[in-house]
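Below is one structure; the comments refer to it alone.
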Amino acid sequence: MLIWENIKLAFQALFANKMRSLLTMLGIIIGIGSVISIMTVSSSLKTSITDSFQEMGASNITVGIRQRGEEEEVRSNGMHFGALEKSASADEDDLITDEMLEELQSSFSDKIDAVAISENVGSATVEDGNTSCNISISGINADYFESSQITLLAGRKISQGDLDGKKKVIMVSDKVIDAFFDGDNASALAQGIYVNQNGVTTKYYIVGVYQYEENSNFSSESDEDITTAAYIPLTTGKEALHSDKGYSQFTVVTATSVESVSDFASEIETFFAPYYAANEDYEIATSTMESMTESMTEMISTVSIAISFIAGISLLVGGIGVMNIMLVSITERTREIGTRKALGARNSSIRLQFIIESIVLCFVGGCLGIITGFILGAIAATILGYSASAPVGAIILSVAFSMLIGMFFGYYPANKAAKMDPIEALRYE
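Each residue of the sequence shown is one higher than the last, beginning at 836 in our numbering.
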């Protein structure tokens, strides 16, 4: 009951001197607001990065050959830097074969949903009279689109039947359709286009149209000069390159049952170790989006905490301001304190009254700081293009910390009030 009475007295004192209380709380408001706004932007950024990596395939594992003896940085979260390096000088014996991939899928059938392969066939030009369009051709297998986020607008994707028959079929972007078929995706299906690569013209039939997406918002290329990706069956691409070699890199799409993608990546490296045990030049290495996501979020969190500590210095200033105003308040209420002590109030009661008043002052300042910080953080996140994400943990911690500041910086003035001599206090003018 005594505590509740002291809380009511604290709010009465707060509203009795609104401007002075607001100026006193300003340091707390600025400190808490700064921390919350920083944490809001940080939380929003981490959420955005996580979502982006999920869209890119956070559960995918990139597997490729790497030259032995190369230095690489391995962080505590398992991320490898410089782990994959495709070398043009690698011999056919150094590459990953179809037999290895079949054995891999057989050994980990419960952990692998798909194995995506993409081989660069080269740059080419789609030509038809006076119209031309630049494309970059990739030979892919049927599982490629399991690891790649591509929006199909019309037709179908490259199928296993296309690979088995080494068919001259192609998937192109809507930019190519705009140039040659006036943007009519449906009428372009099954139509033949002539692709000129290194002076050799080959006729391909369109089986699918996908939506082209800009890699950058600041692209200086016009639609006529832009180069878009085109996809043909992997077997057709190898035939065009007159190559039966293996692969320097592929992507594993993991099953949902895989709990740790990074651990499974290590299992894949172990699986390939016997195949490359006698190879003095190359070995197998892996990299995952999961480890990249962890590394990015860890870095953002570290930077955010460091900045928050700097912003939190204003909390110290705010705490000193609270102590100062409480000393002033005690001086103004000296006769009140003397009267209460003369009527039998114990030192602990006087001390508790002023500590609670200090805590309430900081609590209100902390709440205002949280509201201000979240609004500023939401505005900053919106400007940066992220959806605002409230850091609940930081909010709870900020409220508790503001109350702790009130208790810490309010104790000295409260203790000073409690130790006043009642006779001297009553004589104070």
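Just so you know, even glycine gets a beta-carbon here, dropped at the ideal spot from N, CA and C.
Predicted model only: the values in this text are computed from it and were never measured.
Notebook entry, point to check: For Ser953, which of Ile972, Leu939 and Thr966 has the nearest alpha-carbon?
Noted result: Here residue 953 refers to the residue found at position 118 when the sequence shown is read from its first residue. The residue with the shortest Cα to Cα distance from Ser953 is Ile972.
Checklist line | Beta-carbon proximity of Asp1116 to Gln902, cut-off 8 angstroms | finding: Along the sequence shown, one-based indexing puts residue 1116 at 281. Along the sequence shown, one-based indexing puts residue 902 at 67. Yes. Within cutoff.
Next item on the list: Consider the C-beta atom of Ser877 and the heavy atoms of the ligand FMN; say whether any pair is separated by less than 7 angstroms.
Entry: The model on display carries no ligand, and the ligand FMN is accordingly not part of it.
Next item on the list: Kindly indicate which three-state DSSP category Ile873 falls into: helix, strand or coil?
Entry: By one-based count along the sequence shown, residue 873 stands at place 38. Helix.
Checklist line | Inter-stretch contact at 8 angstroms, needing at least 3 Cβ pairs: the stretch 1088-1096 / the stretch 1000-1011 | finding: no
Next item on the list: For my contact list, Tyr1111 and Ile1119 are in at a C-beta cut-off of 8 angstroms; report their separation, rounded to the angstrom.
Entry: Against the sequence shown, residue 1111 aligns to sequence position 276. Against the sequence shown, residue 1119 aligns to sequence position 284. Indeed they touch by this definition, with Cβ atoms about 6 angstroms apart.
Next item on the list: Select from Gly1154, Leu1196 and Asn1033 the residue whose C-alpha is nearest the C-alpha of Met854.
Entry: Translated into the one-based positions of the sequence shown, residue 854 becomes position 19. Taking only the C-alpha atoms, the option nearest Met854 is Leu1196.
Next item on the list: Let me know the secondary structure DSSP gives Ile931 once reduced to three states.
Entry: The residue labelled residue 931 in the question sits at position 96 within the sequence shown. Of the three classes helix, strand and coil, the one that applies to Ile931 here is strand, per DSSP.
Note to self: Using a Cβ-Cβ cutoff of less than 7 angstroms, which residues in the same chain neighbour Asn955 once the five nearest sequence positions on both sides are dropped?
What the structure shows: Counting from one through the sequence shown, the residue named residue 955 turns up at place 120. The answer, listed in chain order, is Ser973.
Check: With a CB to CB cut of under 7 angstroms and the five nearest residues on each side skipped, what residues in its chain are close to Leu815?
Finding: Residue 815 is absent from the model: the chain starts at 836 and stops at 1264.
Check: DSSP state of Arg1168, grouped into three classes?
Finding: Here residue 1168 is taken as the residue at index 333 of the sequence shown, counted from 1. Reduced to three states, the DSSP call for Arg1168 is coil.
Next item on the list: Kindly indicate which three-state DSSP category Gly1043 falls into: helix, strand or coil?
Entry: Residue 1043 sits at position 208 when you count from the first residue of the sequence shown. Residue state, collapsed to three classes: strand.
Check: From this set, Phe1106, Tyr1029, Leu1239 and Phe980, which residue's C-alpha is nearest Ser942's C-alpha?
Finding: The residue given as residue 942 occupies position 107 in the sequence shown. Per the Cα distances, Phe1106.
Notebook entry, point to check: So, helix, strand or coil for Leu880, using DSSP?
Noted result: As a position in the sequence shown, residue 880 is number 45, starting the count at 1. Here Leu880 sits in helix by DSSP.
Item checked: DSSP three-state assignment for Asn1246, whether helix, strand or coil -> Residue mapping note: residue 1246 aligns to position 411 of the sequence shown, counting from 1. Position check: residue 1246 holds Tyr in this sequence, whereas Asn was assumed. If DSSP states are grouped into helix, strand and coil, Tyr1246 belongs with the helices.
Note to self: Let's test the definition: count the other Cβ atoms within 10 Å of the Cβ of Tyr1082 and tell me whether it reaches 16, buried, or not, exposed.
What the structure shows: Position 247 of the sequence shown, counting from 1, holds the residue named residue 1082. The residue in question, Tyr1082, is buried, as its Cβ has 16 or more Cβ neighbours within 10 Å.
Next item on the list: Name, in chain order, the residues that DSSP records as bridge partners for Val1035.
Entry: Within the sequence shown, residue 1035 is the residue found at index 200, counting from 1. Paired residue(s): Gln1032.
Next item on the list: Taking only the alpha-carbon atoms, compute the straight-line gap between Gly1034 and Ala989 and give it to the nearest angstrom.
Entry: For the purposes of this step, residue 1034 is identified with residue 199 of the sequence shown, where counting begins at 1. For the purposes of this step, residue 989 is identified with residue 154 of the sequence shown, where counting begins at 1. For Gly1034 and Ala989, the distance between alpha carbons rounds to 30 angstroms.
Checklist line | Whole runs of the beta strand (DSSP E) within the stretch 954-1030, excluding any shorter than 3 residues | finding: 966-975, 987-990 and 1004-1008
Next item on the list: Look at Ile871 and Gly1200 and say whether their C-beta atoms are less than 8 angstroms apart.
Entry: In the sequence shown, counting from the first residue as 1, residue 871 sits at position 36. In the sequence shown, counting from the first residue as 1, residue 1200 sits at position 365. Contact flag unset, no.
Margin query: Ignoring anything shorter than 4 residues, give me the alpha helix (DSSP H) runs that lie fully in the stretch 1129-1214, in order along the chain.
Written below: 1148-1167 and 1169-1177
Notebook entry, point to check: Cβ atoms of Asn969 and Ile1061: under 8 angstroms apart, would you say?
Noted result: By 1-based counting over the sequence shown, the position of residue 1061 is 226. By 1-based counting over the sequence shown, the position of residue 969 is 134. Contact flag set, yes.
Next item on the list: Determine the extent of the alpha helix (DSSP H) in which Gly899 is found, giving its start and end residues.
Entry: Here residue 899 is taken as the residue at index 64 of the sequence shown, counted from 1. That residue, Gly899, is in no alpha helix (DSSP H); its beta strand (DSSP E) goes Asn895 to Gln902.
Note to self: Among the candidates Leu861, Val961, Ser1130 and Ala1249, whose CA atom is the shortest distance from the CA of Ala1014?
What the structure shows: To locate residue 1014, count along the sequence shown from 1; it is residue 179. It is Val961 whose Cα lies nearest to the Cα of Ala1014.
Note to self: When you compare the CB of Ile842 with every CB in chain B, is at least one pair closer than 8 angstroms?
What the structure shows: Of the chains in the structure shown, none is chain B; there is only one protein chain.
Note to self: Bridge partners for Val1088 per DSSP, in chain order?
What the structure shows: Sequence index remark: in the sequence shown, residue 1088 carries index 253 (1-based). In the DSSP output, where bridge partners are listed per residue, Val1088 has Asn895 and Ala949.
Checklist line | Cross-strand partners of Leu1064 (DSSP beta bridge) | finding: As a position in the sequence shown, residue 1064 is number 229, starting the count at 1. Reading off the sequence, residue 1064 comes out as Ala, not Leu. Looking at the DSSP assignment, Ala1064 forms a beta bridge with Ser971.
Check: So the alpha helix (DSSP H) Ser1097 belongs to, where does it begin and stop?
Finding: One-based indexing of the sequence shown puts residue 1097 at position 262. It spans Val1096 to Phe1107 - the alpha helix (DSSP H) in which Ser1097 sits, taken as one unbroken run.
Checklist line | Under the three-state DSSP convention, the category Ser1233 falls into | finding: Residue mapping note: residue 1233 aligns to position 398 of the sequence shown, counting from 1. In the structure shown, Ser1233 sits in a helix (DSSP, three-state: H, G or I).
Check: Which residue comes first and which comes last in the alpha helix (DSSP H) that contains Lys1075?
Finding: Here residue 1075 refers to the residue found at position 240 of the sequence shown. Checking the displayed sequence, the identity of residue 1075 turns out to be Ala instead of Lys. First-last of the alpha helix (DSSP H) with Ala1075: Leu1069 to Leu1076.
Check: Can the beta-carbon of Thr1128 be found closer than 8 angstroms to that of Ile884?
Finding: For the purposes of this step, residue 1128 is taken as residue 293 along the sequence shown, with counting starting at 1. For the purposes of this step, residue 884 is taken as residue 49 along the sequence shown, with counting starting at 1. In contact: Thr1128 and Ile884 (Cβ atoms closer than 8 angstroms).
Next item on the list: In the DSSP assignment, find the beta strand (DSSP E) that holds Ser944 and state where it starts and stops.
Entry: As a working note, residue 944 is residue 109 in the sequence shown. Looking at the DSSP string, Ser944 is not in any beta strand (DSSP E), and its letter there is neither H nor E.
Next item on the list: Can you have a look at Gln1188 and say buried or exposed, based on whether 16 or more other CB atoms are within 10 angstroms of its CB?
Entry: In the sequence shown, the residue the question calls residue 1188 occupies position 353. Buried, by the Cβ-count rule.
Note to self: Relative to the C-alpha of Arg1170, which candidate in Asp1256, Leu861 and Leu1261 has its C-alpha closest?
What the structure shows: For the purposes of this step, residue 1170 is taken as the residue at position 335 of the sequence shown. The shortest C-alpha separation from Arg1170 is found at Leu1261.
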